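Here is the structure we will look at, set down as structure tokens.
Residue numbers (the working numbering), protein chains in the order written: chain A, 24 to 234; chain B, 7 to 220.
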């Protein structure tokens, strides 16, 4: 379970948000909404520990990420604006490296399956620099299929994806939620969920609604 | 795991550094004339200055491309100790920029009329010294990550720190070329630098990376 109390962040001299509170239980999804520049990405980066908050507390199962260190990063997958894949390597190699680094025990076959499921059949062995923007995004998203982490932090995961891929990703997210995972995401698209709890957090207006 | 990081590097980078070193080293005999005494005297200094510059050349790219495509963020978020990851990256950098210089050293010796003993000494000194260059350089590379004009800042930051290694590295070669036999002290100091850098640099680099990514 992820708990955020009284979180405050600023960039430069500008206060992005303060007094932010929410908690996320297994099997629930949090939409972070807000206009451009209201701190959505910063919030996401703060949760995964890439950005240092000015104040407030982040707790994962009652403990702070700093004290959990590697036990926390194991539970978190972050996908930001950058795809985090190497252009010179093939999709296959990219995924192999990221799964090894994530400490997940994944077989070669599972990587092939994940790429196939993301609609990249026939592109597995090509350097990702020859792939299109959307295809690169798919490679990055294939990581989600191979990961055993509980908390997914996705910053605009639907950008550059076509309709089919958006549907696919929605299904993947729904499945993760159903199996007790947690997702925090920023997006302008709705994810059709069959079960689980959906929360909304609107930045820039300092209020929270539960749906 | 470290081998994987290694595979991520592009091959052309290695050759660039190597040829840079060879060309810089070759320029001096062409410019300073081929007088044996002069060349023998300046050889250690020239070789080390060239080694410093060659190692600088590739430093900027140590973290920059990872930073640009987001893989650095992912590295920070992996459940692996950052210390080890950073050490792996530095080791890869050294394998590709430092180690080739060690093997090319006899070529320098040939151009500068160095005696065989001195060439061996130079190879050993480079073997001990170049990892230190990579280790110290990594701190600078991490600190200047994402800054505009980071390359120049990096040189200003790092080159002064390279000076001690160059002094002792070149010193030992000079001593050996003039026939001194007791070189133990020089090598002890170089090894000392290496051990110190090996322990402290990855910690400092890891901390600097966290700041830079923020």
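Cβ coordinates follow ideal geometry from the N, Cα and C atoms, glycine included.
This structure is a prediction, so every number in the text was calculated from the model and none was measured.
Query                                                                                                                 : Result
9 Å Cβ cutoff met for residue 148(B) and residue 77(B)                                                                : no
Pick from 129(B), 83(B), 68(B) and 125(B) that is closest to residue 102(B), judged by C-alpha positions              : 68(B)
Residues bridged to residue 64(A) (per DSSP)                                                                          : Residue 64(A) pairs with nothing; no bridge assigned.
C-beta atoms of residue 162(B) and residue 136(B) nearer than 9 Å                                                     : no
Beta-carbon proximity of residue 174(A) to residue 25(A), cut-off 9 Å                                                 : yes
Which residues DSSP lists as bridging residue 101(A), in chain order                                                  : 176(A)
Beta-carbon spacing of residue 215(B), residue 82(B) below 9 Å                                                        : yes
Cβ pair residue 208(B), residue 97(A) closer than 9 Å                                                                 : no
Any C-beta of chain B under 9 Å from that of residue 126(A)                                                           : yes
C-alpha gap between residue 220(A) and residue 208(A), whole angstroms                                                : 14 Å
Interface partners of residue 75(B) on chain A, CB under 8 Å                                                          : 105, 106, 107, 108, 109 and 110
Beta-carbon separation (whole angstroms), residue 205(A) vs residue 49(A), contact threshold 8 Å                      : 6 Å
Residue 85(B) at chain A interface by Cβ criterion, 9 Å                                                               : yes
Outcome for residue 172(B) when other beta-carbon atoms lying within 10 angstroms are tallied against a minimum of 16 : buried
Alpha carbon of residue 73(B) to alpha carbon of residue 103(A), nearest angstrom                                     : 13 Å
Cβ pair count under 8 Å reaching 3, the stretch 178 to 192 of chain A against the stretch 134 to 149 of chain A       : yes
Terminal residues of the beta strand (DSSP E) in which residue 44(A) lies                                             : 37 to 47
Span separating the alpha-carbon of residue 146(B) from that of residue 27(B)                                         : 21 Å
Cβ neighbours of residue 159(A) in the same chain (closer than 7 Å, five flanking residues each side left out)        : 106, 108 and 151
Residue 187(A) versus 169(A), 201(A), 157(A) and 30(A), residue with shortest Cα-Cα distance                          : 157(A)
CB contact check: residue 92(B) to chain A, cutoff 9 Å                                                                : no
Cβ-Cβ distance between residue 189(B) and residue 182(B) below 9 Å                                                    : yes
Identity of the residue in 162(A), 146(A) and 41(A) nearest residue 78(A) by Cα                                       : 41(A)
Buried or exposed by the 16-neighbour rule on C-beta atoms within 10 Å, applied to residue 23(B)                      : buried
Proximity of residue 175(B) and residue 50(B) at Cβ, strictly below 9 Å                                               : yes
Any C-beta of chain A under 9 Å from that of residue 36(B)                                                            : no
Buried or exposed by the 16-neighbour rule on C-beta atoms within 10 Å, applied to residue 76(A)                      : buried
Contact set for residue 113(A): own chain, Cβ-Cβ below 8 Å, skip 5 residues either direction                          : 147, 148, 149, 150 and 151
Reference residue 226(A), options 167(A), 56(A), 34(A) and 199(A), closest by Cα                                      : 56(A)
Chain B residues whose Cβ lies nearer than 9 Å to that of residue 93(A)                                               : 84, 85, 86 and 87
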